[in-house]
């Protein structure tokens, strides 16, 4: 790949060999390694799917945090070393990784439960959906006074003075800026596909810029809301419900114009535990397991049959609830695969500028 | 090797033996250095050089589309795209049996021209499904993706045909090549990296000035105190210095937080409006000062200890004002320590990553944060490498200045 | 340098102001870290003052969590191994640099200093790519090698500083009496430069224990060190167990500090170069 690789590679190979004689490799061998998003989703996956799977199959399953290092998957494929088998990814990561061959094709006929799944995309041969959720506007009811009702209110610094938390990514941020600027839900991507539309989104963000605190991990947004560091935040709907339940906070959220995203399981190309990976995917796709994830985190499941096992009191809060879904916009992952590089660069430029 | 001369038959035996044993001693001495040198070359210096190599490395497109690259080699912007190029591209894409064999090239082209990734990928997929019997490759390609009729697509391939490129370095300086090859600067609203470079240097400069402002009098106090007091003050400097940086960053995060000690203190003093102390430049500057001020105090102290009091007294007795004594007598003598301390603080500030990530807002994210971002999130490794080149060149320019000023390559905090 | 130059009231005021400043600056240096410690004993899961009740629950959480235990273990293993390797390589190189007077010694020094000059992000990213190519990332070996590279320069600097005050004639005398160079090194040089070696080792240990950035890139799930675990926690769900871990790391810093101080007192030679002594 690189200019120096032929020489250095052999040097390192020699070094690695020498090193492996001196220091035996750590005796951590597992039958399957999963790389999960950070808590709470990662935690819930552990209790709802991984621990029972481990108990049932007696397989040595290792669950890692993927928060730091999706780049490792690519480094791994270039180097052929073995780290992860199954990884949880976001929609645009799934499309790009499938196109680029980092993720292996999954034979969906080997996972019968998928017959009951929504959100199945035949074009996406290497990923199966396991949860979906919405990007919403959240606030602390105990501090806010009048509750906001739309993305427009995020911009209203007169009625709600103070800083706002936003996810430091152009994805969903540009969409919600357009909606706050009056673009209809259905017109968002049409608008964003034109240079004028992109300018319009950035111009809208300009207005709010002095009041934005960026977060890079949803946990930060909840923590900043709880400590009063910010008055409201763009964040994920299910995390809010989860935080209220576990931390005793009283956060509220705005349902209108939710931007929904899907998370997928992908199988890393070159995995040495393909059979175990299929075993796990089969296990995790069952209605009961899917429902356990939903019950644990108020996050929606693509498995229709799982709804039979979902707690009744939870159903109104779910992104997948027809009332909520009707008010939502799904992230156009293909749009972001095509335009992500350019928009990311412009977004970085905009964030860094005065 | 200064003393070594070729031994001749006429030279006295003693001199010859001496030369030989001196040579042997030098060889032995070098053999002691060699393990560390080889180790660093393999484990650290080699990898850094490899990374820098990535900033100009551009072989993905030529590897995936060899015929197309050859066919475009003589094409000039402004003239029609040669028919041979259409044919070559069709053949190259048919050859790409899996999407993966095309992926890195598609990714590279997408950096230069948004949309190229899916343009190339869909063309390949449709091409492999379609029947091959045609001779009008131009029409075939344009029917698969209309964008092939735009010469910009072809210019992007031509410019990425490698084996080396200035694309990433130009991008890192907010410049780009037009399809005709001319270099232009990006408009201000699109320039991402120069503002980050400015941010990095502004923070480093601010913290260095703060470190001088606070470190200088403190070092002076240490140097003029009794041994006992100096020992206690030294303890105060060294203890935070040895405490893990992460601990200190978290401490500042809690102190400066909305419900932190400082805020409560200010509220108790009658300040009712909640102050935002966290996620801004102030928080980053304070934490960096706390982390790096020992690098200023220690070299200053070791120089100040050696300044003879008699010089100052002599100057004062000759009628010089305290300011003159300071400026004309004291400052020149402590200047080496001041230079060493300033450069140490400045260089370290250029490389900070965790402090802005945890305590800073969007405008405090300098080059190191961007480098990590492009490595891990967007996977644009060429750009990460190009940003590293810029950072490393700045650091080494300063280090060179340091070596010139202190006449030593050693970064040390003690007396020399 | 006991008293000021003269004794006018303005100068007295200046001296008092300087001392007051010194006191405040000491609070600035130590205060933030100290503020952490009582918080970790708070019985309530709140990150603020005043402390509502005294409890050891966070320390209990820390020791009962397998994640934190692994992080402790990893930090100790990695820092100790890296310190041993860096000290061995660094002492040999410092001795070699002192013995031989080469042309190009300045250049060799620049090469040896590279890990201290190159910003840690660049070092981390570089090693991440190169180690990944041979499967060394996400292994103990990789992390130990990386920390060794980062810590070795400090050993060279500290030992060189002590060697600069070492009388080479001692070795010549030993050689003239027929002592083997290795024996001479072991019996004469090593005891005399020992303070430099030990403080170099302590600083090497501190560097490994301090590192977040390199470990963030090179450590896999099984190698996550204490600072990395703290970083991960701080960007997600910060709890007081992290404050307890921070307090423990502060105790380690005090231990290193006391160790260095004892070393300094024992060694009269380095007294005039007090404290940070022989290097950074």
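Chains as they are written, first to last, in my numbering: chain G, 1 to 354; chain S, 1001 to 1416; chain L, 2001 to 2280.
All C-beta atoms, glycine included, are put in the ideal place defined by N, C-alpha and C.
For residue j and residue i, believed in contact at Cβ under 8 Å, the rounded distance
| i | j | result |
| --- | --- | --- |
| residue 319(G) | residue 133(G) | 5 Å |
| residue 1140(S) | residue 1090(S) | 7 Å |
| residue 2029(L) | residue 1236(S) | 5 Å |
| residue 1245(S) | residue 2210(L) | 5 Å |
| residue 2213(L) | residue 2121(L) | 6 Å |
| residue 2025(L) | residue 2043(L) | Incorrect: roughly 33 Å between the Cβ atoms, too far for contact. |
| residue 337(G) | residue 96(G) | 5 Å |
| residue 1297(S) | residue 1215(S) | 5 Å |
Proximity winner among the options, relative to residue i (alpha-carbon distances)
| i | options | result |
| --- | --- | --- |
| residue 1045(S) | 2124(L), 2068(L) and 2014(L) | 2124(L) |
| residue 1065(S) | 1108(S), 1051(S) and 1374(S) | 1108(S) |
| residue 366(G) | 314(G), 221(G), 307(G) and 270(G) | Not covered by the structure: residue 366(G). The range shown for chain G is 1 to 354. |
| residue 334(G) | 223(G), 282(G) and 93(G) | 93(G) |
| residue 1315(S) | 1302(S), 1133(S), 1160(S) and 1329(S) | 1329(S) |
| residue 2068(L) | 2229(L), 2127(L) and 2157(L) | 2229(L) |
| residue 241(G) | 230(G), 253(G), 234(G) and 233(G) | 253(G) |
| residue 1200(S) | 1353(S), 1405(S) and 1401(S) | 1353(S) |
| residue 186(G) | 118(G), 330(G) and 49(G) | 330(G) |
| residue 1255(S) | 1057(S), 1118(S), 1277(S) and 1081(S) | 1277(S) |
| residue 2033(L) | 1253(S), 1134(S) and 1067(S) | 1253(S) |
| residue 2064(L) | 2105(L), 2012(L), 2173(L) and 2241(L) | 2241(L) |
| residue 1106(S) | 1018(S), 1059(S) and 1218(S) | 1059(S) |
Closer than 8 Å at the beta carbon, the chain G residues around residue i
| i | result |
| --- | --- |
| residue 1365(S) | 351 and 352 |
| residue 1153(S) | Residues of chain G passing the Cβ test: none, with the nearest at roughly 14 Å. |
| residue 1199(S) | 352 |
Chain G contact residues for residue i, given Cβ-Cβ distances below 7 Å
| i | result |
| --- | --- |
| residue 1279(S) | 213 |
| residue 2127(L) | By Cβ distance, chain G contributes nothing, its closest Cβ being about 10 Å from residue 2127(L), past 7 Å. |
| residue 1196(S) | 352 |
| residue 1276(S) | 163 |
8 Å Cβ cut-off: residues of chain L touching residue i
| i | result |
| --- | --- |
| residue 64(G) | 2220 and 2221 |
| residue 1396(S) | 2117 |
| residue 1251(S) | 2032, 2033, 2035, 2036 and 2246 |
Chain-ordered chain S contacts of residue i [CB-CB under 8 Å]
| i | result |
| --- | --- |
| residue 2114(L) | 1040, 1044, 1045 and 1048 |
| residue 2186(L) | Residues of chain S passing the Cβ test: none, with the nearest at roughly 14 Å. |
| residue 342(G) | 1114 |
| residue 2072(L) | Going along chain S, no residue has its Cβ under 8 Å from residue 2072(L), so there is no contact; the nearest lies around 13 Å. |
| residue 2079(L) | What residue 2079(L) touches in chain S: nothing, since even the nearest Cβ is about 11 Å away. |
Under 7 Å from the C-beta of residue i: neighbouring residues of chain L
| i | result |
| --- | --- |
| residue 83(G) | 2138 and 2220 |
| residue 1236(S) | 2026, 2029 and 2030 |
Under 7 Å by beta carbon: chain S residues contacting residue i
| i | result |
| --- | --- |
| residue 2227(L) | 1244 and 1246 |
Listed by chain order, chain G residues near residue i by CB distance under 9 Å
| i | result |
| --- | --- |
| residue 1185(S) | In chain order: nothing, as chain G lies at least about 13 Å away. |
| residue 1362(S) | 168, 209, 212, 213, 214, 351 and 352 |
Chain-ordered chain S contacts of residue i [CB-CB under 9 Å]
| i | result |
| --- | --- |
| residue 346(G) | 1189, 1190 and 1192 |
| residue 2213(L) | 1351, 1353, 1354, 1368 and 1372 |
| residue 339(G) | 1114 and 1115 |
Residues, ordered as in the chain, of the segment 1103-1130 of chain S that lie near chain G by beta-carbon distance below 8 Å: 1103, 1104, 1106, 1107, 1110, 1111, 1114, 1115, 1117, 1118 and 1121
Does the segment 2177-2189 of chain L come close enough to the segment 2130-2149 of chain L that 3 or more CB-CB pairs lie under 8 Å? no
According to a CB-to-CB cut-off of less than 8 Å, which residues of the segment 190-220 of chain G neighbour chain L? 216, 217, 219 and 220
Using a Cβ-Cβ cut-off of less than 8 Å, give me the residues of the segment 140-170 of chain G that come near chain S, in sequence order. 163 and 168
Is it the case that the segment 194-213 of chain G contacts the segment 262-279 of chain G, given that we only count it when at least three CB pairs across the two stretches are under 8 Å? no
Under 8 Å: do the segment 104-112 of chain G and the segment 291-308 of chain G share three or more Cβ pairs, one atom per stretch? no
Are at least three pairs of beta-carbons, each pair with one atom in the segment 2031-2043 of chain L and one in the segment 2244-2258 of chain L, less than 8 Å apart? yes
Does the count of Cβ pairs from the segment 145-154 of chain G and the segment 121-128 of chain G closer than 8 Å reach three? no
Does the segment 1279-1286 of chain S come within contact of the segment 1360-1368 of chain S, defined as at least 3 CB pairs closer than 8 Å? yes
Please name the residues in the segment 1312-1342 of chain S whose beta-carbon is closer than 8 Å to at least one beta-carbon of chain L, in chain order. 1312, 1313, 1316, 1322 and 1325
Under 7 Å (Cβ pairs) to chain L, residues found in the segment 1373-1394 of chain S: 1375, 1384, 1388, 1391 and 1392
Should the segment 1227-1246 of chain S be regarded as contacting the segment 1308-1324 of chain S, the criterion being three or more beta carbon pairs within less than 8 Å? no
Stretch pair the segment 1169-1189 of chain S + the segment 1305-1319 of chain S: three plus CB contacts closer than 8 Å: no
The segment 1287-1297 of chain S touching the segment 160-174 of chain G, judged by at least three CB pairs closer than 8 Å: no
Which of the residues in the segment 2157-2176 of chain L, read from start to end, lie with their CB under 7 Å from any CB of chain G? none
Below 8 Å, how does it come out for the segment 2085-2099 of chain L and the segment 2122-2142 of chain L: are there three or more Cβ pairs, yes or no? no
Segment contact flag, the segment 337-352 of chain G with the segment 1111-1128 of chain S, C-beta cutoff 8 Å, min 3 pairs: yes
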